[in-house]
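Inspection log for the structure reproduced underneath, given as structure tokens.
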């Protein structure tokens, strides 16, 4: 009897140990620091993937509606009300600002990747050098589109389930046969599709079609397009796309979806109840979790685990731990990035204040491709009392940093201020119109405050003898006094302890603040 | 013409072909040195394969390759062989000038090894000055470095992700992934020169460039890398033509 109990106990123990045995983590772990980027309608959060802590919050100067991360993942492209902005997570700057005619449904990279595809509901545009080129207008609504063949082709399907191949170079369209499940490789000119439950391959370059012996109900392709995953009821079959050869099969039943990590080294497979993480090198299941509600889900690159978002919540599910962060607003999208996380500083104040988009005139001081030079000059100018901001512009993949001084309501005031800069610094400037969504904060030291309103004044006696007084309020510069008559060209300006004196020949004049306005009076 | 290899032609056949029918020759160059888990001759195997691809797409012959080169920090590893820098430069210069004497107008050097870039540049420039032949030197892994970054999301490395992918694309049996371990990889630090370098796989950025043994991924990578080399070589040859300096 005791013997039987011992045997039963041993069996029970072994069953428990089998049940509790963790799947072996075979994903090749590269200790490469990386970040998670979560976008809400008014903020971008940069999160350290390792400790799952927010290390940077960037307040958006607009309400983002959609966020994309086009291959090869250099920028986050934010869309709102027919405008797109490129956010560079490396320098945390917005580097471009493009207006579009149509609402963006999808934005993706087109090899070579200085081009993006902007897909609306009825048009396909190419974005090149910040300009949108319409390459296809479709009378029916577009359901989805993808690129393939190293940027030579775009496949698109209409809402009426009609399929087309668009040749990007010739802009010619060719009708493709009716089928639903389609997978394209970004670098190969092949389209994989299912017809009568058989996997078919169409080569757009050779215009040939062939049927394989593989029966399947769904197909998915890895981000690099090197492996095709065909799904039937009992397993996932892996096919190498370069030679269209069978590679392996993964015994997972009733899979209905696959989502790849951006680097393609692992993927998540979903059945009705569970999520499985599969290592693409060994085809082994490294993680299994019960399905949860999510809006976005992304497997980690080179790590066992995945991210998911639902409403304001961002979760990191790993082998051993689950983490959760609640953000300020519902999450629009989540991305992975290989940027190195920064150490968390205690104060991470947003650098810009939100305002409506405004158009104004400004004085352009200089333009340079050298970022550190631009920022050094900006700091110098601010120290010297000029409210300076930097506007970046991407021209043919070169980022130009434009140093601009002040925000002026009127062009003529900007011109007068540019004369002041040119005459006092010997640096020629010019006036340019500009638009900003938010006005950068700047602290200009108040050294001269003639009307005692705690705002810095700048006095200028120009070469023609006109006396002008500017007031600096943050970034805004106003002309608050301009002499009607001019002094002689020999006149000299003296500023002594809050007194502005003009000495012209043997007479001297003083600028006075009287009855809420400035007047110039002869001094005795 | 059946063969693209100069050494498979008779002197009579060669005389008929060059320069009337073919005035371009491709010279593959490399070295013999330790390459992690890929062959000692990796720097030769890849340029020779690229040369075949180029020769099939442009009207060119392939000259006998120069398989010995300048190996330095990996020389102490078994099987690594090196020439002195001057010997190598003189030899390349003499081969180039003799190819020019054999009435090749355009010479394309496909290099697979980073330790001899300066010598190749000097030899090519001197050959051009002395013979007026057009000499184009291609360092394939540098020319395709943007593509490596785009496709693998990483920089390449010596015996790293790019060279391993190329060898996988040429002959996967030459890649011994079973003996690979991360300890074979080390990052090159600018402040230290160690002879021998303490690892046969040299990386240039933290966490980047380690070999990836996915054959299908490698096939797509290497095929495109060859296309890039062809496009860039063609662009140069076409420019010569357009400018009437070919």
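Residue numbers (this note's numbering), protein chains in the order written: chain C, 1 to 524; chain H, 1 to 246. Quick reminder that beta carbons are idealized off the backbone N, C-alpha and C, glycines included.
Distance from the Cα of residue 225(H) is smallest, within the candidate group 5(H), 154(H), 147(H), for 147(H). For the pair of segments examined, the stretch 448 to 456 of chain C was found not to touch the stretch 365 to 374 of chain C: the number of CB pairs separated by less than 8 Å stays below three. Shown here, residue 292(C) sits in coil according to DSSP, grouped into three states, outside any helix or strand. Contact annotation for residue 249(C) against chain H: no contact, minimum CB-CB distance about 15 Å [criterion: below 8 Å].
Annotation: the continuous beta strand (DSSP E) that includes residue 119(C) extends over 115 to 119. Of all residues in the stretch 200 to 223 of chain H, only 206, 207, 208, 210, 212, 213, 214, 215, 216, 217, 218, 219, 220, 221, 223 place a beta-carbon less than 9 Å from a beta-carbon of chain C. Taking a beta-carbon distance threshold of 7 Å, residue 150(H) counts as an interface residue toward chain C. With a cutoff of 7 Å on beta-carbon distance, residue 337(C) and residue 37(C) are scored as near each other. By the rule that beta-carbons nearer than 7 Å mark a contact, residue 38(C) does not touch chain H.
Not one beta carbon of chain H lies nearer than 7 Å to the beta carbon of residue 128(C). Against residue 338(C), the close residues of chain H are 153, in the order they occur along the chain (beta-carbon pairs closer than 8 Å).
The Cβ neighbour count for residue 492(C), taken over all protein chains shown within 10 Å, is under 16; the residue is labelled exposed.
A Cβ of chain H is located within less than 7 Å of the beta carbon of residue 72(C). For residue 226(C), the C-beta contacts it makes with chain H under 8 Å involve 214, 216, 217, 219, 220, in order along the chain. At a Cβ-Cβ threshold of 7 Å, residue 32(H) and residue 81(H) count as neighbours. In the DSSP assignment, residue 15(H) falls within the alpha helix (DSSP H) that extends over 11 to 17.
A residue is called buried when at least 16 other Cβ atoms come within 10 angstroms of its Cβ; residue 99(C) does not meet this threshold and is exposed. Counting only runs of 3+ residues, the beta strand (DSSP E) found wholly inside the stretch 129 to 178 of chain H occupies 134 to 139, in chain order. Counting only residues of its own chain and dropping the five nearest sequence neighbours on each side, residue 411(C) has a CB closer than 7 Å to the CB of 361, 431. Membership of residue 159(C) in any alpha helix (DSSP H) is not indicated, and neither H nor E is assigned to it by DSSP.
Exposed is the label assigned to residue 488(C), since fewer than 16 other Cβ atoms lie within 10 Å of its Cβ. Interface with chain H (7 Å Cβ-Cβ cutoff): residue 187(C) is included.
Between residue 288(C) and residue 306(C), the C-beta spacing is not below 7 Å. In terms of CA proximity to residue 283(C), 265(C) leads the group 198(C), 265(C), 320(C). In this structure, 229(C) is the residue among 229(C), 251(C), 242(C) with its C-alpha nearest to the C-alpha of residue 260(C).
Interface annotation, residue 305(C): not in contact with chain H, CB-CB separation never under 7 Å. Approximately 4 Å separates the beta-carbon atoms of residue 25(H) and residue 104(H); this is inside 8 Å, confirming the contact. When secondary structure is reduced to three states using DSSP, residue 373(C) falls in the helix class.
In the structure shown, the three-state DSSP call for residue 203(C) is strand. Closest by C-alpha distance to residue 197(H), out of 206(H), 185(H), 52(H), 171(H), is 185(H). For the pair of segments examined, the stretch 170 to 188 of chain H was found not to touch the stretch 53 to 61 of chain H: the number of CB pairs separated by less than 8 Å stays below three. Under DSSP, residue 195(H) forms no beta bridge with any residue. Residue state for residue 440(C) is assigned as strand, using DSSP reduced to three classes.
Between residue 88(C) and the set 122(C), 62(C), 46(C), 102(C), the nearest pair of CA atoms involves 46(C).
The C-beta of residue 263(C) comes closer than 7 Å to at least one C-beta of chain H.
Residue contact with chain H for residue 240(C): present (Cβ-Cβ distance below 7 Å to some residue of chain H).
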